[in-house]
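Shown next, in structure tokens, is the structure this report addresses.
Residue numbers (the working numbering): -7 to 516.
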């Protein structure tokens, strides 16, 4: 293990990270779902060559310019080349020590046996391929994970050999012949990888005892994600799918970290016409395990790299990068909500032990504003800009997607969205959970009313945050956020007080719509 695994170790400890690194995992497929799984496996540290681990990728498709890929480039030199072999160039940049083994072939028992895989993930929409993989897992008594996705829904199933297999369920025939969409694949990839993690180790309580609720799916059990169902976890559609022209949509993604990376991938697959990325940070080595599009760019600006990589995966999506922060405060206009935040922060500061808080708290509202909503001299010299509500209103965005990791940015975006009447979907994640909330002017309460943002814990950066996020929850939450963006554009979201979706590792349903959350009735 290396510095690249620090975030994972923070989430579950070095012993469990060691277990992941030794895994030998076979992945069948090369579509969006397989690519998200493979990149995320590498980010998790699976397949550490020095520990005998490996990621074995089996597929016989070639690169063509009618498909969208993010694990390989489509150039005149790569068209018609074997996909799995081209993936290696990117996978080994995400994790240089990753033992990635490409097998350009149909599913072949002899080939797979030769590489001694311990678990098999079938990530195509082909029931025949899934049946072959299931039969292999039964013969060699290894776990079988099955995932499929289409344009609005996805499913994950598992078989661990404890019960008689239900072939009709495990091969997911309802997805036969359907195209995989990026955002549904992102959700299913998160679900599949969580099953792999649960099989490898369980989370523990403070005494070191494994959590009984942190258990795998039962044999033949299926988890569904469906952006077009009211519950979001049913296969049945409650909304009809509408044909959309997404080329005329313009989206701002605030934050180019882990969530921002997966948001960029899903938006790129959708073919959104214009995607802007806003971030103030540079790439560091510890980012690469979760920020899977930033490989090979340590020291460079995250937003610039992300915009470039998303445009490369789908040139029809025009991308721009803004090296900046949110956002500028007008004390006359923003005084009410800023003062309430100031008083809340002051009370929380008083409750913290002296060794775990800043020595002094800002004496005035102006001092508080300058601490959290201004640029330092060094940031100004570096060319960083402070985003204003006036700038935001001039850009004609259709939606803001928030992937930020501190409440001060969230509150500013929330207020700016309300002021500019801009829809805003906010997402966040941790190792065991994730959530998103949707604000649509005139239809839902704002994000602050839904989540009570000012009582969120303060978080300064992804390296010193109180709880590390991991690739599974980031992939899943980002996919669901883009699913809600699709619902917004299709007009599927009706008037309601709140729309909060949750991902809970310790809940067997995994994906939940929170309809009973007590709302904070303040501004809306």
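For every residue, glycine included, the Cβ atom is placed at its ideal position computed from N, Cα and C.
It should be emphasised that the depicted structure is a prediction, and the values quoted were computed from it without experimental measurement.
Thinking residue i and residue j are a contact (beta carbons under 8 Å), I'd like their distance in whole angstroms, please.
i: residue 146; j: residue 177; result: 7 Å
i: residue 15; j: residue 49; result: Not quite, the Cβ-Cβ distance comes to about 14 Å (not below 8 Å), so this is no contact.
i: residue 53; j: residue 13; result: In fact, because the Cβ distance is near 29 Å, the residues do not count as touching under 8 Å.
i: residue 224; j: residue 505; result: 6 Å
i: residue 280; j: residue 63; result: So it is not a contact: roughly 15 Å between Cβ atoms.
i: residue 11; j: residue 192; result: 5 Å
i: residue 497; j: residue 175; result: Contact flag wrong, Cβ pair sits at about 20 Å.
Nearest by alpha-carbon distance to residue i: which of the options is it?
i: residue 204; options: 505, 499, 387 and 506; result: 499
i: residue 148; options: 181, 281 and 62; result: 181
i: residue 482; options: 235, 24, 169 and 138; result: 235
i: residue 404; options: 467, 297, 328 and 475; result: 328
i: residue 118; options: 108, 35 and 25; result: 25
i: residue 196; options: 142, 158, 122 and 7; result: 7
i: residue 292; options: 271, 159 and 240; result: 271
i: residue 381; options: 401, 362, 397 and 373; result: 401
i: residue 209; options: 396, 259 and 153; result: 153
i: residue 321; options: 287, 370, 290 and 406; result: 406
i: residue 51; options: 445, 472, 423 and 122; result: 122
i: residue 439; options: 416, 461, 424 and 85; result: 416
i: residue 387; options: 444, 218 and 314; result: 314
i: residue 377; options: 215, 318, 351 and 391; result: 318
i: residue 188; options: 175, 207 and 172; result: 207
i: residue 226; options: 83, 332, 116 and 144; result: 144
i: residue 120; options: 107, 99, 103 and 105; result: 99
i: residue 396; options: 390, 422 and 325; result: 422
i: residue 185; options: 420, 480 and 17; result: 17
i: residue 222; options: 156, 497 and 479; result: 479
i: residue 301; options: 259, 330 and 340; result: 259
i: residue 103; options: 265, 128, 430 and 316; result: 128
i: residue 179; options: 216, 156 and 87; result: 216
i: residue 311; options: 80, 160, 231 and 245; result: 245
i: residue 84; options: 36, 445, 156 and 135; result: 36
i: residue 414; options: 428, 391 and 429; result: 391
i: residue 352; options: 105, 362 and 338; result: 338
i: residue 374; options: 446, 230, 316 and 202; result: 316
Please name the residue or residues paired with residue i in a DSSP beta bridge.
i: residue 196; result: 202
i: residue 494; result: 427 and 504
i: residue 438; result: Paired residues: none, contrary to the question.
i: residue 417; result: 393 and 430
i: residue 352; result: Looking at the DSSP assignment, residue 352 forms no beta bridge with any residue, so it has no partner.
i: residue 518; result: Residue 518 is absent from the structure shown; the chain starts at -7 and stops at 516.
i: residue 317; result: 378
i: residue 105; result: Answer by DSSP bridge pairing: none, since residue 105 is not bridged.
i: residue 218; result: 145
i: residue 271; result: 315
i: residue 75; result: DSSP output for residue 75 lists no bridge partner at all.
i: residue 46; result: 16
i: residue 517; result: In this structure the chain extends from -7 to 516, so residue 517 is not present and cannot be described.
i: residue 302; result: Residue 302 is not bridged to any residue.
i: residue 110; result: Bridge partners of residue 110: none, in fact.
i: residue 243; result: 267 and 391
Assign residue i to one of two classes, buried (16 or more other C-beta atoms within 10 Å of its C-beta) or exposed (fewer than that).
i: residue 356; result: exposed
i: residue 57; result: exposed
i: residue 19; result: buried
i: residue -6; result: exposed
i: residue 228; result: exposed
i: residue 426; result: buried
i: residue 125; result: buried
i: residue 454; result: For residue 454, the pLDDT reaches just 36, beneath the cut-off of 50, and the residue's location in the model is therefore unreliable, leaving the point undetermined.
i: residue 240; result: exposed
i: residue 471; result: buried
i: residue 0; result: buried
i: residue 92; result: buried
i: residue 253; result: buried
i: residue 456; result: Unreliable placement is indicated for residue 456, whose pLDDT of 36 sits below 50; the coordinate value is still reported in the next sentence. Under this definition residue 456 is an exposed residue.
i: residue 72; result: exposed
i: residue 410; result: buried
i: residue 69; result: exposed
i: residue 331; result: exposed
i: residue 323; result: exposed
i: residue 268; result: buried
i: residue 345; result: exposed
i: residue 389; result: buried
i: residue 464; result: buried
Taking 8 Å as the cut-off, does the CB of residue i come closer than this to any heavy atom belonging to the ligand MG?
i: residue 17; result: Questions concerning the ligand MG fall outside what the structure shown contains, since it holds no ligand whatsoever.
Between residue i and chain D, is the shortest Cβ-Cβ distance under 9 Å, so that the two count as touching?
i: residue 40; result: In the structure shown, chain D does not exist; there is a single protein chain.
Would the segment 272 to 281 count as touching the segment 484 to 494 if we require 3 or more Cβ pairs under 8 Å?
no
Is there contact between the segment 237 to 256 and the segment 293 to 301, where contact requires at least three CB pairs shorter than 8 Å?
yes
Please determine if the segment 356 to 375 and the segment 297 to 314 are in contact, where contact requires at least 3 C-beta pairs separated by less than 8 Å.
no
Is the segment 157 to 164 in contact with the segment 134 to 142, if contact means three or more CB pairs nearer than 8 Å?
yes
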